[in-house]
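Protein chains: 2
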Amino acid sequence: MKAIEKRRLENLSAIFKALSHPTRLWMVEELIDTERCVCEFVEASHLDFSTVSKHLSILKQVHIVEDDKRGKNVYYRLEAQCIIHIIDCLKEQRINQ
Amino acid sequence: MKAIEKRRLENLSAIFKALSHPTRLWMVEELIDTERCVCEFVEASHLDFSTVSKHLSILKQVHIVEDDKRGKNVYYRLEAQCIIHIIDCLKEQRINQ
DNA sequence: ATAACACTTGGTTATATTGCCAAATAACGA
DNA sequence: TCGTTATTTGGCAATATAACCAAGTGTTAT
Numbered sequence: 000m001k002a003i004e005k006r007r008l009e010n011l012s013a014i015f016k017a018l019s020h021p022t023r024l025w026m027v028e029e030l031i032d033t034e035r036c037v038c039e040f041v042e043a044s045h046l047d048f049s050t051v052s053k054h055l056s057i058l059k060q061v062h063i064v065e066d067d068k069r070g071k072n073v074y075y076r077l078e079a080q081c082i083i084h085i086i087d088c089l090k091e092q093r094i095n096q
Numbered sequence: 000m001k002a003i004e005k006r007r008l009e010n011l012s013a014i015f016k017a018l019s020h021p022t023r024l025w026m027v028e029e030l031i032d033t034e035r036c037v038c039e040f041v042e043a044s045h046l047d048f049s050t051v052s053k054h055l056s057i058l059k060q061v062h063i064v065e066d067d068k069r070g071k072n073v074y075y076r077l078e079a080q081c082i083i084h085i086i087d088c089l090k091e092q093r094i095n096q
């Protein structure tokens, strides 16, 4: 396999990897209709601030979300709108227990 | 968070997790227009037979692929057709290096 | 039967991921 | 300025993942 093809597969799989954790998937769904600051995720999830921040940075790294700082807060919103369709599409999918 | 909601997110994230490895993504793309037996993936990837088999079983568990045995070979094909659109959709996606 | 082939499964080791805590940074208010 | 709040970063321990090898299963060919 060529190096460029390997790189393409690594990049694409990184996006799926970002979505492969229940918490991050929940975050993405939360961001579908509104932006949220980190503290809102912390409050709703009961996870540590650092944990939430790291999850969001993984989503940000692959451009699924984008952020901006306003005052003391950092607000996150969905950047990759196509994620909405993808999640919808996969909701049909069966899983073996 | 309710248990049923937790389960839903775990199931959905399992699908993304299955797609989150370059080798498995490559396999899925290979299966878009044709079925393939395990040995074809082994030959093309230079990975161990057991490694290839395990990757395929992860894809099978979440119903992305299905298989059937004919003679000595096990043939895999794409079960979740919507994966094609998903991969197309994400090809547009940027990644930070 | 038994040998060969095409897998799958179990075991082990190396590496990656996830969670928390503690410390660093940055903005705001007193 | 100093303290408080909001967030990020670094470090560590527990767990999960991925690779290989070896052994097991099932089918075909001799």
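The listed protein sequences correspond, in order, to chains A and B.
Residue 71 in numbering that gives the first Met the number 0 is what sits at position 72 of the first sequence, and the numbering runs on without skipping anything.
Residue 43 in numbering that gives the first Met the number 0 is what sits at position 44 of the second sequence, and the numbering runs on without skipping anything.
C-beta: ideal position from N, C-alpha, C; glycine also.
Owing to the predicted nature of the structure, the values given are computational and were not obtained by experimental measurement.
Checklist line | CB contact flag (Val41(B), Ile63(B), <8 angstroms) | finding: Here the question's residue 41(B) lines up with position 42 in the second sequence. Here the question's residue 63(B) lines up with position 64 in the second sequence. No, the Cβ-Cβ distance between Val41(B) and Ile63(B) is not below 8 angstroms.
Next item on the list: Would you tell me roughly how many angstroms separate the C-alpha atoms of Arg35(B) and Arg76(B), rounded to the nearest one?
Entry: Taking the first residue of the second sequence as position 1, residue 35(B) is located at position 36. Taking the first residue of the second sequence as position 1, residue 76(B) is located at position 77. Distance between the alpha carbons of Arg35(B) and Arg76(B) is about 7 angstroms.
Next item on the list: To the nearest angstrom, report how far apart Arg58(B) and Leu18(B) are at their CA atoms.
Entry: Here residue 58(B) is taken as the residue at index 59 of the second sequence, counted from 1. Here residue 18(B) is taken as the residue at index 19 of the second sequence, counted from 1. Note that residue 58(B) is Leu in the sequence shown here, rather than Arg. Computed Cα separation, rounded: 8 angstroms.
Item checked: Other residues of its chain near Met0(B): CB distance less than 6 angstroms, five sequence neighbours each side excluded -> One-based indexing of the second sequence puts residue 0(B) at position 1. Closer than 6 angstroms at Cβ, skipping near neighbours: no residue.
Notebook entry, point to check: Any C-beta of chain B sitting closer than 8 angstroms to the C-beta of Phe40(A)?
Noted result: Walking along the first sequence from the start, residue 40(A) turns up at place 41. For Phe40(A), the answer is no, since every Cβ of chain B falls outside 8 angstroms of its Cβ.
Check: What do you reckon, are the CB atoms on Gln80(B) and Ile14(A) nearer than 8 angstroms?
Finding: Walking along the second sequence from the start, residue 80(B) turns up at place 81. Walking along the first sequence from the start, residue 14(A) turns up at place 15. Not in contact: Gln80(B) and Ile14(A) (Cβ atoms no closer than 8 angstroms).
Next item on the list: Kindly indicate the opening and closing residues of the alpha helix (DSSP H) around Lys5(A).
Entry: Within the first sequence, numbered from 1, the residue matching residue 5(A) stands at position 6. Taken as a continuous stretch (DSSP letters only), the alpha helix (DSSP H) holding Lys5(A) covers Ala2 to Ala17.
Next item on the list: Kindly list, in the order they appear in chain A, the residues whose Cβ is closer than 8 angstroms to that of Glu9(B).
Entry: By 1-based counting over the second sequence, the position of residue 9(B) is 10. Those within 8 angstroms of Glu9(B) in chain A are Pro21.
Notebook entry, point to check: Exposed or buried, Lys71(B), counting other C-beta atoms within 10 Å across all chains shown (16 or more means buried)?
Noted result: Here residue 71(B) refers to the residue found at position 72 of the second sequence. Classification of Lys71(B): exposed, given that the 10 Å Cβ count is below 16.
Next item on the list: Please compile the residues from chain B whose C-beta is within a distance smaller than 8 angstroms of the C-beta of Leu55(A).
Entry: The residue given as residue 55(A) occupies position 56 in the first sequence. Simply none; closest approach about 14 angstroms.
Check: When you compare each of Ile83(A), Val51(A), Leu24(A) and Asp32(A) to Arg6(B) by their alpha carbons, which one comes out closest?
Finding: The sequence position of residue 6(B) within the second sequence is 7, counting from 1. Among Ile83(A), Val51(A), Leu24(A) and Asp32(A), the Cα nearest to that of Arg6(B) is on Leu24(A).
Note to self: Please report the straight-line C-alpha distance between Asp87(A) and Glu9(A), rounded to a whole angstrom.
What the structure shows: Mapped onto the first sequence, residue 87(A) falls at position 88. Mapped onto the first sequence, residue 9(A) falls at position 10. So the alpha carbons of these two residues sit roughly 24 angstroms apart.
Item checked: Gln96(A) versus Lys53(A): straight-line alpha-carbon distance, rounded -> Here the question's residue 96(A) lines up with position 97 in the first sequence. Here the question's residue 53(A) lines up with position 54 in the first sequence. Note on Gln96(A): pLDDT 42, under 50, position unreliable in the model; the coordinate value appears next. Roughly 29 angstroms between the two C-alpha positions.
Margin query: In this structure, how does DSSP classify Val51(B) when only helix, strand and coil are distinguished?
Written below: Position 52 of the second sequence, counted from the start, is the residue given in the question as residue 51(B). Note: Val51(B) maps to helix in three-state DSSP.
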